[in-house]
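Colleague:
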DNA sequence: CGGTTACTTGAACGAATTCAAACGTTGTGG
DNA sequence: CCACAACGTTTGAATTCGTTCAAGTAACCG
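Residue numbers (UniProt numbering), protein chains in the order written: chain A, 1 to 250; chain B, 1 to 250.
Structure representation (structure tokens):
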């Protein structure tokens with residue numbers, strides 16, 4: 001099976017729409033050439049579709065080019081915990097690439113476009129591009145940091161603080177990607193998604209969000225959350241916010 | 001300041017007591033030589049002492065040679081969340097080495113001995129030893145996986161399941177390190193530590209542990225937890241257990 | 001227009017926290 | 001050697017927080 005037959009290749013990395021964003025560190029021509037060659041194509045997943053499933057050992061590794069998704073794990077009886085969200089520029093499937101099979105699933109929250117890479121060329125990356133290798137470790141460490149914050153939130157913050165933290169977190173990440181520039185600035189999640197992230201029931205999540213809305217911190221619009229007062233959310237959560245230096249885009 | 005004056009160097013990596021353990025992948029002579037050279041000395045931290053503190057930008061990176069510790073974060077008002085535990089063979093401070101300053105603290109649960117490495121030589125490692133570079137990413141991905149499991153547990157498991165999961169997790173990790181061979185096989189934590197890991201109050205943690213004890217799954221002995229029935233704990237938690245292939249020891 | 005999905009609300013219930021107090025062990029200073 | 005402080009564990013009772021149950025509304029879609 002040829003990869004060209006399976007994945008359409010639309011955007012070459014040299015004119016990637018994400019790369020000009022301020023958040024991403026500049027790449028050398030050589031790095032860019034390798035990444036572009038490393039990329040074997042693009043793939044799209046419809047909203048609600050599965051990007052990667054727990055247990056699977058994909059031959060591929062992805063970077064989100066556009067769209068939102070989330071990583072989650074489930075217990076046998078169906079209880080679901082959302083671990084983190086993925087947005088443009090985020091690499092997905094790295095953990096699976098290193099550890100063998102996927103230990104979590106990833107689902108699309110909106111139509112998602114992915115850059116597709118071949119796992120098998122990772123060794124080459126490590127051999128020839130130490131800077132990119134370092135970047136991969138950095139990316140894993142960043143995810144770890146986010147999970148640390150999340151764990152603190154779920155374990156120790158009250159429902160109200162926790163919800164404020166989560167919405168602020170999602171808002172800030174999207175903001176640095178300039179995802180709110182053109183549109184209405186809506187975080188494309190249902191209350192069920194937030195509930196499964198917060199470790200709360202859907203009913204209590206709703207009541208908590210209503211409280212945040214009553215405080216004029218956010219507003220709920222057609223299937224999404226609109227942040228009205230990011231500073232208020234941060235203060236309520238007791239959180240300094242998500243400060244990030246330039247990061248790699250592979 | 002010479003590093004030799006600050007850190008005693010006792011064990012050369014070639015006859016590291018941990019390396020012969022089954023869990024660790026064999027290293028080539030060359031890799032071993034680099035790691036041994038990378039190591040600038042050893043450091044000890046007394047029980048209850050701080051190994052690394054949030055906000056600090058240490059010039060060093062460590063691997064635990066002996067003893068137990070834990071990673072945690074705190075909210076302004078003192079609420080503490082334990083994120084993970086560290087045991088012999090675990091690298092600590094990697095996240096800080098990559099992201100600049102530490103985003104969490106690490107405290108010793110028992111007297112701890114650390115192998116000390118210099119952050120500044122990390123670039124060299126990436127340049128000259130792609131296999132070790134890969135290992136570092138792998139180590140970060142492993143931590144991520146553990147945090148994923150933890151998040152699922154705190155977010156979605158009941159108090160009883162959660163406690164069973166945690167104790168089983170700690171037991172299994174210690175078991176693969178053969179930490180229970182000589183002694184009584186006690187996990188050296190107070191109930192306060194477990195409470196701060198589970199996201200529960202100390203009172204409710206106590207009541208939950210008593211239930212597990214009543215089920216003959218564990219026993220509480222002089223400041224520590226003694227596992228009586230690991231399979232029972234795993235079953236109650238609805239967890240398949242912590243399967244791990246050979247891993248690197250840097 | 002009937003079915004589905006997402007949001008919303010009230011009420012009853014259950015789980016976990018907080019408050020309060022007691023017990024045993026360990027270590028310390030008189 | 002004893003008094004006593006410090007710490008960790010244990011238990012009961014009152015309270016708060018969050019869940020579950022139940023129902024209803026609004027928007028969207030085939």
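Even for Gly, the Cβ is constructed at its ideal location relative to N, Cα and C.
Source: prediction; values computed, not measured.
Any C-beta of chain A sitting closer than 9 Å to the C-beta of residue 137/B?
Modeller: Interface residue, yes.
Colleague: Anything in the region 108-140 of chain A with a Cβ closer than 7 Å to a Cβ of chain B? List those residues in chain order, please.
Modeller: Cβ contacts with chain B come from 126, 127, 130, 133, 134, 136, 137, 138, 140.
Colleague: Please decide whether residue 60/B counts as near chain A, where near means a Cβ-Cβ distance under 9 Å.
Modeller: Judged by the 9 Å Cβ criterion, residue 60/B is not in contact with chain A.
Colleague: Would you kindly report the start and end of the unbroken alpha helix (DSSP H) that includes residue 14/A?
Modeller: Run containing residue 14/A: none; DSSP gives neither H nor E here.
Colleague: Please identify the residue among 32/A, 97/A, 82/A whose C-alpha is closest to the C-alpha of residue 62/A.
Modeller: Residue 62/A has its Cα closest to that of 97/A, out of 32/A, 97/A, 82/A.
Colleague: By Cβ distance, which residues of its chain are closer than 7 Å to residue 56/B, with the 5 residues on each side in sequence left out?
Modeller: Excluding sequence neighbours, residue 56/B sits near 101, 102.
Colleague: Helix, strand or coil, according to DSSP, for residue 19/B in the structure here?
Modeller: Residue 19/B falls in the coil class under three-state DSSP.
Colleague: Buried or exposed for residue 153/B, going by 16 or more other Cβ atoms inside 10 Å?
Modeller: It counts as buried.
Colleague: May I ask you to report which of helix, strand or coil DSSP gives residue 138/B?
Modeller: Residue state, collapsed to three classes: helix.
Colleague: Skipping 5 residues on each side, what residues in its chain have a beta carbon closer than 6 Å to that of residue 80/A?
Modeller: Counting only Cβ-Cβ distances below 6 Å, and skipping sequence neighbours, we find 72, 74, 196.
Colleague: If you draw a straight line from the C-alpha of residue 200/A to the C-alpha of residue 163/A, how long is it?
Modeller: In a straight line, the C-alpha of residue 200/A is about 10 Å away from that of residue 163/A.
Colleague: Closer than 9 Å by beta-carbon distance: list the chain A residues that pair up with residue 231/B, in chain order.
Modeller: Simply none; closest approach about 17 Å.
Colleague: So, does the CB of residue 204/A fall closer than 9 Å to a CB anywhere in chain B?
Modeller: It does not; no Cβ of chain B falls within 9 Å.
Colleague: Taking a contact to mean a Cβ-Cβ separation below 9 Å, would you say residue 138/A touches residue 248/A in this structure?
Modeller: Yes; because the gap between Cβ atoms is below 9 Å, this pair is in contact.
Colleague: Determine the contact status of residue 258/A and residue 31/A, defining contact as a CB-CB distance below 9 Å.
Modeller: Chain A is shown from 1 up to 250; residue 258/A falls before or after that span and cannot be answered.
Colleague: When we look at the beta-carbon of residue 17/A and count the other beta-carbons within 10 Å, is it buried (16 or more) or exposed?
Modeller: So residue 17/A counts as exposed.
Colleague: Secondary structure at residue 75/A, three-state DSSP: helix, strand or coil?
Modeller: DSSP places residue 75/A in coil when its eight states are reduced to three.
Colleague: Let's see if you can read the secondary structure: which residues bound the alpha helix (DSSP H) around residue 226/A?
Modeller: Unbroken run through residue 226/A is the beta strand (DSSP E), 224-227; no alpha helix (DSSP H).
Colleague: In this structure, how does DSSP classify residue 230/B when only helix, strand and coil are distinguished?
Modeller: Helix, per DSSP.
Colleague: Starting from residue 82/B, follow its DSSP beta bridges and name the residues at the other end.
Modeller: Note: residue 82/B sits in a beta bridge opposite 72/B.
Colleague: Against residue 25/B, what residues of chain A qualify as contacts under a CB-to-CB distance less than 7 Å, listed in chain order?
Modeller: Those within 7 Å of residue 25/B in chain A number zero; the least Cβ separation is about 13 Å.
Colleague: Relative to the C-alpha of residue 108/B, which candidate in 142/B, 64/B, 210/B has its C-alpha closest?
Modeller: Considering only alpha carbons, the answer is 64/B.
Colleague: Excluding five sequence neighbours on each side, which residues of the same chain lie with their C-beta closer than 7 Å to the C-beta of residue 234/B?
Modeller: Excluding sequence neighbours, residue 234/B sits near 168, 241.
Colleague: Quick check: the Cα distance between residue 170/A and residue 145/B, rounded to an integer number of angstroms?
Modeller: Roughly 21 Å between the two C-alpha positions.
Colleague: Buried or exposed, going by whether 16 or more other CB atoms sit within 10 Å of the CB of residue 50/B?
Modeller: It is exposed - the Cβ of residue 50/B has fewer than 16 other Cβ atoms within 10 Å.
Colleague: What three-state label does DSSP hand residue 4/A in the structure shown?
Modeller: Reliability fails at residue 4/A, whose pLDDT of 46 lies under 50, so the model's placement of it is uncertain and no value is given.
Colleague: Quick one, are the C-beta atoms of residue 34/A and residue 125/A less than 9 Å apart?
Modeller: Yes, they are a contact pair.
Colleague: Considering only the alpha carbon of each residue, which of 99/B, 23/B, 70/B, 182/B lies closest to residue 48/B?
Modeller: Taking only the C-alpha atoms, the option nearest residue 48/B is 70/B.
Colleague: Quick one: measure Cβ to Cβ for residue 177/A and residue 23/A, integer angstroms, because I've assumed they're closer than 8 Å.
Modeller: Going by Cβ atoms, the distance from residue 177/A to residue 23/A rounds to 7 Å, so yes, they are a contact pair.
Colleague: Output yes if chain A places a C-beta closer than 9 Å to the C-beta of residue 71/B; else output no.
Modeller: Judged by the 9 Å Cβ criterion, residue 71/B is in contact with chain A.
Colleague: Which full runs of the beta strand (DSSP E) of 3+ residues lie inside the region 109-157 of chain B, going along the chain?
Modeller: Counting only runs of 3 or more, we get 112-118.
Colleague: Alpha carbon to alpha carbon, how far is residue 14/B from residue 115/B?
Modeller: Residue 14/B and residue 115/B: Cα-Cα distance of roughly 13 Å.
Colleague: Return the Cβ separation of residue 46/B and residue 10/B in integer angstroms, given the expectation that the two are a contact with Cβ distance under 8 Å.
Modeller: Rounded, the Cβ-Cβ distance is 17 Å, inconsistent with contact.
Colleague: Could you list the residues in the region 86-109 of chain B with a C-beta less than 8 Å from some C-beta on chain A, going in chain order?
Modeller: Of all residues in the region 86-109 of chain B, 94, 95, 98, 99, 100, 103, 104 have a Cβ within less than 8 Å of some Cβ in chain A.
Colleague: Tell me the DSSP bridge mates of residue 220/B?
Modeller: DSSP lists 225/B as partners of residue 220/B.
Colleague: Rounded to whole angstroms, what's the CA-CA distance from residue 86/A to residue 89/B? Just pull it up for me.
Modeller: Near 31 Å, if we compare the C-alpha coordinates of residue 89/B and residue 86/A.
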